[in-house]
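Enquirer: Once you've had a glance at the structure underneath, I'll fire off some questions.
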Amino acid sequence: MEGDFSRGHRPDAKRGRSYRRVLARQGAALLDSDLNALMDLGDRIDRQGITHLACAAGSTDLGFLVTPGRMLAIFDPELGQPFTPTAPATAVRDFSRKYLDRFPGLRINGGGGSVAVTLRAPLTAATACRVWLRADQPVSATVGGTVIALPGGGNFAPYPVTLNGATVTLLPGPQPYALALIETAAPVTGPAVLNWCAGEYQIGGLIAPATDAAWPDLSGPAGAAMLAASGGAVGARLVAYLELSERVVTAIEDPGLREQALGPGRETTSRSALLAQVKLATVSGLTDAAVAGAFARQVQPSGRVTFGTSAGADAADPCDLPVPGGYSGTENRLYRLQVHEASAAMTRFKWSRDNAAGLWPCTLMPDQPPGAMVTHVRVAASDPLRAGDLVELTSEAVERGDATPASLDAAGLHRPLRAQGRLFRLEGGEIVAGSQREFQLLDPATELPVSPFDPAPFGTLGLKLRQWSGLLERPGTGAASLTLESGLIADVTGAFEPGDWWQAEARVLAPQANGPAVTTAHGPERQFAPLALLERGAANTPLILLAWLDTRSRKLCQQEADFTGYDGDRVGSDADTVQEALDELFLRLSDGCGEIAVPLGAPVQAVIDTIPAGGSARICLNAGTRTLTETIVVADKGDLIVGGIGPGTVLTGNLRRLIRFERCASVDLRDFALAAQGTGPGAVVDFVDCGEVRMDQIRITAAGPVPAGASAVRQVSGTARPTRGFAMRRCTLSLGMHDTGVTASDPGHAEIADNDILIRPEALNFPAALQAGGPVLQAAGAVMMDRLHFYDDDGGFDFVGGPSLDIALPGFTMARHGIALSNAMWGRDTLSFGTHVTLDAHLWEHISELNQPPGGSSEPPESMDDFLQGFRQRLVLTLFGLGGGAQIPADLLGNFNTVRSGLTASNQTIHGSAGIVVAASRGPKRAEPRNQPIAELLATPGQSARITGNRVSGFAQGVRVAASGNGSDRSNFLFFESVEVSENRISLRLPWQARQRGGIRIGHALGLRVIGNRVVDPFYVARSDGEPPIGLDSEGIRLWGWYGPMVETRGNFSHGVAVGIRWHPLGRTEPLWGRPDVFMRRFDANAYSGMGQSSEPAILP
C-alpha cells in the first residue's frame, strides 16, 4: 500500500516471515512498522481462523448469490422465504429435485386452498417476473393469478408472470407441482444483466459484505467499460466471479480521518478498505463441468524483482575520492517500484523514494464547459508540487476499473489487468484564483505539452495526483538491471502485470540488515472466487444460469441436514446430503418413493403414458395390490426408476407378461413384487433394446407350466440398440413347471448376484402331464429315442450277425448307448439312434417289425423322421397305459421297467429349465488365423458376465453362459471377454427327460473363473458296489470351447452328477497358428461325490 511508512504495511510478510506476537520493550520507541506488524499479525490470525472453519472461500448466507433477475424467493430451509398454506392445500420443501442441484422446490399439493409466499422485498408496482416450476405429471398451476400449463417430467423451467406487492399466491392443481425460484424478468438486449443477493462472502479469510445489487453496481466510466465488454453472441458463456482487494483510504477520500485540532494538512494515519467487485470472464474451449476446475488454476505473472546496491569502485583520478558502494542516499527511505505498463516490447516501471506517499486532490482544466478537452491541472497552493515533478493522474474510476477483462480457458483464469492512471510532468505552477496553482501537463518522456485529452475516462469522483520519483524501462522481456538512485538497483526478470509493486528499505551508509525481501510481487493482494456460470440466450431474453460455482455452508447455529454430505454409493442411492437420504428412506416407509406417485386405483399405464418420449422420471408404486388386465408397456422413455414399498406393492393379473420395457435409455426397478397368474409364453418382466437395466429386490411369482423357451425375466438387445449392462441383485423368483429364471441376451456386462431363484417343490402328476402332451411327452419320447440319423447303404456298420447292432455313442455318456438298424428294416435307409442302456438291439428289432411306417421298408428318411418323432411319444403313452397305440410284445414289456420307473421316480415334483442364462453374440471372434491371437482378440471390445452368490434350486440346469454367432457366424468361435461364476449354491432337479442336465455350463471365454460353487443333486441315491448307474448323463461343471489365456477353476463341489467337471476344449488347448501367447489353466481343490467320474478327461490341465 502507498503511504508514508518506514517499512511498509507488512514489514515482516514482505520478507517471508510469519510471527505470533509483537512484544513492546520497556522504554523503547514504538515505530509505525511495529504497529503495522501488529495489525498484520492480527489480520493473518483472523483470516487463518476463518479459512480453517469455513474453507478457502464461501458464504454462510446468500451473499453474492447470482441470478439473472433480482431474486424474490427461494425455499432454502434457513435462508428461504416463509410460506403459508391454507387447507386443503399443502406445501413442503422437496429435496429430491433441486433447482440447479442447490435449492429445494416448494411442493404444492392438495387440489384446493392456496399457498401464500412472502417475497424477499415487496414489489411497489406491477413487475414482470419469472417463476421456475416443474411437475411430475401434466398439471395447470396458478401463480399470482396467472394459469400456467406444466408438462410432466423434466427439470425446473421458467414461466412469465406479473407480480405486485409483498406476497404471491399459488393455487394447487389436481396433481402436485413444485416452485423453486421467483425472480424479476431481466431481458438482455446488449450488455449483460444479472443481480446478486445481500449477505457476505469470504475469500482467503477476507469477508466482503454485499447488498442486493444489479451488476456491475458501479457508476461512471469504470462501470460503463465493464458493461461494454460484456456483450457477446448467442451461446457465449460467462463466469461471474468475485474479486477482493484492499485499497488505501486517506483524508483525501475521507476527510474525517484528519484530526482538525492538529491543524490543516496534518494526517496521522491512513486506512485500508476492502474492495469487493463482481466481474465477468469470458469462457472458451471448456465444457461446463470443467469451468470450476479451470478457474482454480490462476495464470500468475512470472515477474521477479531483487533489490541490491552498486559495488564500490576506486576513483579514476588519484586526486578524486573513491566511489562508495551500497546505498549512498542522505536519508533512510522506503522505495517503491511499480509496474505501469507491460508488453512484449517494453515494461515501464514507476518508482518512488517515499513509497508513493505524495497524493493531492486536483481539478482538470479547463473545467468549462463540462467535458472540455484537458491540458492543465490545478492543485491547492499549499500542496508541495513543483514544476518538473512526475505525477500520475488517477481517480475513483481508474482505481476500480480494469484495462482488460478476465478470460477463462484450459490454461486457467487469466486475471483482469487493472487500470493505471496517466503519467505527466508538471510545468508552470503559477498562483491562480488566490488559493490554487495551475500546471501545464507535459508528456513524461518528451516533456512536451500533451495534446488536449478527454477527461471522461477519469470520471468526476476522486480526481487526484500521485507523485512519483522517476520512470524506468526494460526493453523486451529478458532480465535487466535497473538503477533507481543513490546506488539502489532493481534486478528484474519475467513477465509483469500493471499494478504489481515491490518495496525496498534503504538505509544510509549501512547494508540492509533486515534480510532480503521476497522477489514475487509484494502487492496488491487479489483474491478471486467463481460465483456462477451463465450463457447468453436469444435476443431480448435473460441470461441462462447454467450452474452456481460458489461455495455455501451453514453457520454453526444454523446447521441442518441438507448441508451435511452423504455418500449413497453403498446402498445404491443418488442422495448426496443427509436430508435427501432421510427423505428417500421415509418416503419408502410412508407410501412414497418417487416424484410420480401412483396411488392405488390409478391406472399404471395411464401414468406411464404421461411421461414424454425420451423423458426421465422416478415412479413410485404406492403400497397395495394392482390387478392388471393388460401388459404394461413402457416404450421410448429416458432414464426411469420404478420403485415400490417392498412386498407391500404388488402387480398381478391373469397374465404371463406383466410389464415390458422397450427402447428406454435406462430402467431401474426397485423393491416391489409381481405375481403372474397366467401360463402363456413370454416373460413376466421383459426388457427390449434398453440401454441399461437394473433390478434390485424384485419379487416375482409365476404360475406354470409355461411353454418351452419362456423366462420369468428376459433382457434382449439388438445391434442397433445394444444394452450396455444388465444387473439383477437381491431378487427372489418363485416359478412353476418348465420356467427359466432369468435370460440376459447380449448385454455388454451381466451382473447377477445374491438372488434366490427357485422352482416351487410342487407335486407333479406325471401320467397326467404325459397325457396332456406338450413338452413333457416330447422330452420323455427323447429318452426312448434321440440322435436320429439316416445313412445310405449300410452306413459303415457291420451287420454280419443280424439286422440290428448295439453301438457306443461318441463321448462320455452315462446309461445311454446306440442302436443301428439295417436298411429296409425300419424305413428305407439304415437308421441309428440313442436309447437307454437297458433297451438292447434285440428289443428294438422286434419293435420295428411290429410298428412299421405307412410306406413300410420303402419309407424315405424325410417322412421316416416325422414318423419316428411321433412314434416315440406314442411308445411312452403305451408304456404308461395311456393309449398311444404302439405295439409292444407282451413278453418284452418287462424290458421297459427300468426306464418307466426311472421316469416316474425322477418326476415326482415339477422342474424348471434353467436358473440363469447369459448369452453373447457381440464379442471378439476367431474368424481366421491371427499372428498373435490373444492380443488381437483382447483388443476387440468384448462382453462379460459375473454370476455370484445366487441360490438356484429346482432346475435341470443351474447356470448357462455361452457365446455364439448368429446364422453364418455360428462357426466363428465367438468369445466372452471374461466370465466369473462364483459362490453359487445350485440344487438340481434332474428328470430323465430333461435335455440340459447340470449345474454350470460355460461356452467360449477368453478369461474364466469358476470358484467356490456347490452343485448338488438332492435326489441322488448311491448304488451298491459294482452296480451300474442307470441315471442319465449330467455334470456339475461343463466348460465347452477354447479358453484363453486364463482358466481358473477351484474350490468347487459337485455331488450326485455323472461328471464333476467336464473340460471340452475345441481341438488343442492352445491355438495352432500362433505360439507367443502364454496360457494358464488352473484346476485346483475341486471335490466330487457320486457314482460317475470326478472329471472328464480324468486328468485336467
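Counted the way my numbering counts, the sequence shown spans residues 16 to 1116.
In this text, a Cβ means the ideal position worked out from N, Cα and C, and glycines have one as well.
Fully enclosed by the region 955-1006, which beta strand (DSSP E) runs are 3 residues long or longer?
Expert: 959-963, 966-978, 993-997 and 1000-1003
Enquirer: Which of helix, strand or coil does DSSP assign to ASP1032?
Expert: coil
Enquirer: Which runs of the beta strand (DSSP E) fall wholly inside the region 714-764 and span at least 3 residues, in chain order?
Expert: 714-717, 726-731, 738-744, 747-750 and 755-760
Enquirer: With a threshold of 16 other CB atoms inside 10 Å of the CB of CYS212, please say whether the residue is buried or exposed.
Expert: In this structure CYS212 is buried. Its beta-carbon is surrounded by 16 or more other beta-carbon atoms within 10 angstroms.
Enquirer: Determine whether the beta carbon atoms of TRP517 and LEU352 lie at a separation below 8 Å.
Expert: yes
Enquirer: Contact between the region 872-886 and the region 903-916 is defined here as three or more beta-carbon pairs at a separation below 8 Å; is this criterion met?
Expert: no
Enquirer: Okay, do the region 22-33 and the region 168-188 touch, 3+ Cβ pairs below 8 Å being the bar?
Expert: no
Enquirer: Check whether the Cβ atoms of VAL1031 and GLU1050 lie closer than 8 Å to each other.
Expert: no
Enquirer: Among all the DSSP beta bridges, which residues are the ones paired with LYS570?
Expert: Note: LYS570 sits in no beta bridge, so no partner.
Enquirer: If you compare alpha carbons, which of PHE511, GLY796 and ILE925 is closest to GLY1186?
Expert: An answer regarding residue 1186 cannot be provided, because it is not within the stretch 16 to 1116 covered by the chain.
Enquirer: Looking only at its chain, what residues have a beta carbon closer than 6 Å to the beta carbon of ILE772, apart from the 5 residues adjacent to it on each side?
Expert: LEU748, GLY756, GLY930 and VAL967
Enquirer: Looking at ALA418 and GLY474, is the spacing between their C-beta atoms short of 8 Å?
Expert: Pairing GLY474 with ALA418 gives a Cβ-Cβ distance that is not under 8 Å.
Enquirer: Helix or strand or just coil, what does DSSP make of ASN179?
Expert: strand
Enquirer: Determine, using beta carbons only, whether ILE660 and ILE634 come nearer to each other than 8 Å.
Expert: no
Enquirer: When you compare each of PHE98, THR157 and TYR114 to VAL107 by their alpha carbons, which one comes out closest?
Expert: PHE98
Enquirer: Within a Cβ cutoff of 6 Å, which residues of the same chain sit near TYR1103, ignoring the five residues on either side of it in sequence?
Expert: SER1069, GLY1075 and SER1109
Enquirer: For the candidate residues LEU846, THR850, GLN383 and SER631, whose alpha-carbon lies nearest to that of ASP654?
Expert: Of the listed residues, the one whose Cα sits closest to ASP654 is SER631.
Enquirer: Here's the rule I'm using: 16 or more other beta-carbon atoms within 10 Å means buried, otherwise exposed. How should GLN574 be labelled?
Expert: exposed
Enquirer: With distances taken from CA atoms, which of LEU989, PRO513, SER33 and LEU615 is nearest GLY416?
Expert: Residue PRO513 is the option with its Cα nearest to GLY416.
Enquirer: Please report the straight-line C-alpha distance between ASN1028 and THR66, rounded to a whole angstrom.
Expert: 55 Å
Enquirer: Let's test the definition: count the other Cβ atoms within 10 Å of the Cβ of ASN637 and tell me whether it reaches 16, buried, or not, exposed.
Expert: buried
Enquirer: Run through the region 604-656 for me and flag every whole beta strand (DSSP E) of 3 or more residues, listed as ranges in chain order.
Expert: Listed in chain order, they are 611-613, 632-636, 639-643 and 647-650.
Enquirer: In the DSSP output, which residue or residues are listed as bridge partners for GLY214?
Expert: ALA225
Enquirer: For the 8 Å Cβ check, are there 3 or more pairs between the region 363-374 and the region 528-542?
Expert: no
Enquirer: Distance, Cα to Cα, PRO1086 vs THR738?
Expert: Any reading at PRO1086 must be qualified, since the residue scores a pLDDT of 48, below 50, and its modelled position is unreliable; the value itself is stated next. In a straight line, the C-alpha of PRO1086 is about 31 Å away from that of THR738.
Enquirer: Over what stretch of residues does the alpha helix (DSSP H) that includes HIS537 continue unbroken?
Expert: Looking at the DSSP string, HIS537 is not in any alpha helix (DSSP H), and its letter there is neither H nor E.
Enquirer: I'd like the span of the alpha helix (DSSP H) that includes VAL891, first residue to last.
Expert: 876-894
Enquirer: Start and end of the beta strand (DSSP E) containing MET86?
Expert: 86-88
Enquirer: With THR161 as the anchor, note down where its beta strand (DSSP E) starts and where it stops.
Expert: 161-165
Enquirer: Count the other CB atoms within 10 Å of the CB of CYS572; is the residue buried (16 or more) or exposed (fewer)?
Expert: Answer is exposed; the Cβ neighbour count stays below 16.
Enquirer: Quick one: give me the first and last residue of the beta strand (DSSP E) that ASN124 is part of.
Expert: 118-124
Enquirer: Determine the extent of the alpha helix (DSSP H) in which PRO236 is found, giving its start and end residues.
Expert: 235-243
Enquirer: Quick check: what's the CA-CA separation for HIS355 versus THR177?
Expert: 51 Å
Enquirer: ARG363 to ARG489, Cα distance in whole Å?
Expert: Going from the Cα of ARG363 to the Cα of ARG489 covers about 7 Å.
Enquirer: Hey, ALA102 and ILE123 are a contact pair by Cβ (cut 8 Å); roughly how many whole angstroms apart?
Expert: With a beta-carbon spacing of about 13 Å, ALA102 and ILE123 fall beyond the 8 Å limit used to define contacts.
Enquirer: Looking at the secondary structure, which residues open and close the alpha helix (DSSP H) in which HIS391 lies?
Expert: Here HIS391 belongs to no alpha helix (DSSP H); instead the beta strand (DSSP E) covers 391-395.
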